Structure formats: structure tokens, C-alpha cells
Amino acid sequence: YYTSAIDRVTQRDHPFSDWLHIWTAEEGRHAPTILNFMHQTKQFNMHEIEDSRMQSMKHPDTPQFRSFIEGLVYPAFQEPATEISHRNTMKLIPAQYKVGRTALARVIGDEAKHGKFYRD
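For the sequence shown, my numbering assigns the number 25 to the initial residue and increments by one for each residue that follows.
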């Protein structure tokens, strides 16, 4: 949803268009990484999570940008916020779940890279 919303305000031949699709591919790795960890550890009610995920997909709350600048500003704030959220989540993962902590660290690394892109 975010890709579509940002893509609508980005010119096709603009370099940001390329970044947008790379960003989307990288973001697309995050959910399966986190979800697979949740499945493996069985610490969560996966039926409840799946129901929530489906509701979110049916009724997305996605900003609709009016300009290219708005399309840049939103992820410039969203990326660092997501990085902080994932770091806080990782702190809650017990030490014995090294694989989960490692996987989440990679997701955090992507978020940090994305945040740096917008900062720069």
C-alpha cells in the first residue's frame, strides 16, 4: 500500500522511483522474517495474529500523499520509528532465541539503512 501511495506522486523517470521499488523489496523481507520466528517459537497465538493481519490488509490505514515531498517526508519519519520499535522488540526476545535476535537484527539493519537514505 505504501509503495502505491508513494508511487502515485513520483515521476517514473525519477531516481527515487528506483529506490522505491528496492525499498519495497527489502521491506517485503521483514514480515516473513519476523513471522517465521513467531511460528517457530510458538510464543504467540498465530490464529489471532493471522486474523489481525487479514483485517489490516482488508482495511489498510495508508496515508494518501498529495505531493512528492509528502511521499518523502512520511518514510523519513516512519523508518527511524520502525527501527526503534524493532530494537525495543528485540530487547524482549529471550537470549536463548539467538536465531530470532539475529534475524531481527538484520531487519533493524535494513531500517537503519532506509532511515539513513532519507536523512542523507
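In this text, a Cβ means the ideal position worked out from N, Cα and C, and glycines have one as well.
All of these numbers come straight from a predicted model, not from anything done at the bench.
Do the CB positions of residue i and residue j come within less than 8 Å of each other?
{"i": "E103", "j": "H138", "result": "yes"}
{"i": "V131", "j": "T57", "result": "yes"}
{"i": "T48", "j": "F40", "result": "no"}
{"i": "T86", "j": "A29", "result": "yes"}
{"i": "Y98", "j": "F89", "result": "yes"}
{"i": "H110", "j": "E72", "result": "no"}
Give the straight-line distance between the Cα atoms of residue i and residue j, rounded to the nearest whole angstrom.
{"i": "K115", "j": "A105", "result": "16 Å"}
{"i": "L59", "j": "L44", "result": "23 Å"}
{"i": "T27", "j": "I117", "result": "30 Å"}
{"i": "D144", "j": "A100", "result": "10 Å"}
{"i": "R32", "j": "R77", "result": "25 Å"}
{"i": "H38", "j": "E51", "result": "21 Å"}
Taking only three categories from DSSP, how would you classify residue i?
{"i": "N69", "result": "coil"}
{"i": "T126", "result": "helix"}
{"i": "D134", "result": "helix"}
{"i": "R111", "result": "helix"}
If residue i sits next to residue j, beta carbons under 8 Å apart, how far is it from one beta carbon to the other, in whole angstroms?
{"i": "F68", "j": "A127", "result": "Not really, about 15 Å apart at Cβ, beyond 8 Å."}
{"i": "L96", "j": "Y25", "result": "Not confirmed; about 17 Å, so no contact."}
Item to complete: Could you name each continuous alpha helix (DSSP H) segment of 4 residues or more that falls completely within the segment 27 to 83, going from the start of the chain to the end?
Response: Assignment of alpha helix (DSSP H) within the segment 27 to 83, counting only whole runs of 4 or more residues, yields 39 to 65 and 70 to 82 in chain order.
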